[in-house]
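Just below is one structure, and these are the notes that go with it.
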Amino acid sequence: MPVRARGIRGATTVDRNERDAILDATRELLEQIIQANDIRPEDVATAWFTTTPDLTADFPAIAARQLGWTHVALMCGHEMNVPGALPMCIRVMLVVNTTRRQDEIVHVYLRGARVLRPDLAREDGHQPATGHPV
4 MPVRARGIRG
14 ATTVDRNERD
24 AILDATRELL
34 EQIIQANDIR
44 PEDVATAWFT
54 TTPDLTADFP
64 AIAARQLGWT
74 HVALMCGHEM
84 NVPGALPMCI
94 RVMLVVNTTR
104 RQDEIVHVYL
114 RGARVLRPDL
124 AREDGHQPAT
134 GHPV
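Under my numbering, the very last position in the sequence shown is 137; numbers go up by exactly one each time.
As structure tokens, this is what we get:
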């Protein structure tokens, strides 16, 4: 199967706007995405991180650097400030080079962010590959 660029989505939440909370939650999210999709740092073309406007204590991309993603292009920003949106949320979109089909990609939603994609989230925090758009 040829290598193709695929998008992988994920999200998690924290209970406080503190550096350690943001970085710990982001590392947990990335580690689960890595494991579920068998990703190596050299497979990742880019990673875009966003936080809700209530998270300002640090950049979630630092967690990727802590995992050894030294040559991956990383970007952080804030989500749109939509009334009623899930608060204290960190989202990521990875673009990876993989031989997996689109329906084999596993998107990961943890903690309070499971409500964003209940069709993908399971109680144990792991998601089945479904091919649903994110």
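Every residue gets a Cβ at the ideal spot worked out from N, C-alpha and C, and that includes glycine.
Note that the structure is a prediction, hence the values are computed from the model and not measured.
Proximity test, residue i beta-carbon vs the ligand FAD heavy atom, cut-off 7 Å
i: Gln35; result: The ligand FAD is absent from the structure shown, which contains no ligand whatsoever.
Residue i versus residue j: straight-line alpha-carbon distance, rounded
i: Gly13; j: Ala76; result: 17 Å
i: Thr16; j: Ala48; result: 24 Å
i: Arg19; j: Met4; result: 44 Å
i: Thr59; j: Asp23; result: 12 Å
i: Ile65; j: Leu26; result: 7 Å
i: Gln69; j: Ile37; result: 14 Å
i: Val6; j: Val99; result: 10 Å
i: Leu97; j: Asp46; result: 10 Å
i: Ile11; j: Pro86; result: 26 Å
i: Arg117; j: Glu31; result: 14 Å
i: Met91; j: Phe52; result: 13 Å
For residue i, the three-state DSSP class (helix, strand or coil)
i: Gly115; result: helix
i: Thr29; result: helix
i: Ala132; result: Reliability of the predicted coordinates at Ala132 is poor, the pLDDT of 42 falling under 50, and the value obtained from them is presented with this limitation in mind. Note: Ala132 maps to coil in three-state DSSP.
i: His74; result: coil
i: Ala50; result: strand
i: Arg7; result: strand
i: Ala39; result: helix
i: Ala24; result: helix
i: Gly87; result: coil
Extent of the continuous beta strand (DSSP E) run through residue i
i: Ile93; result: Cys92 to Thr101
Integer-rounded CB distance, given that residue j should sit under 8 Å from residue i
i: Tyr146; j: Arg120; result: The structure shown does not extend to residue 146, since the chain spans only 4 to 137, so no value can be given for it.
i: Ile93; j: Pro63; result: 5 Å
i: Leu33; j: Ala67; result: 6 Å
i: Ala88; j: Thr55; result: 7 Å
i: Ala39; j: Val95; result: At roughly 13 Å, the Cβ-Cβ gap does not stay under 8 Å, so Ala39 and Val95 are not in contact.
Residue i: first and last residue of the uninterrupted alpha helix (DSSP H) it sits in
i: Ala66; result: Ala64 to Gln69
Practice item. State whether the region 97–113 contacts the region 77–85, with contact taken as three or more CB pairs (one from each stretch) at a distance under 8 Å. Key: no
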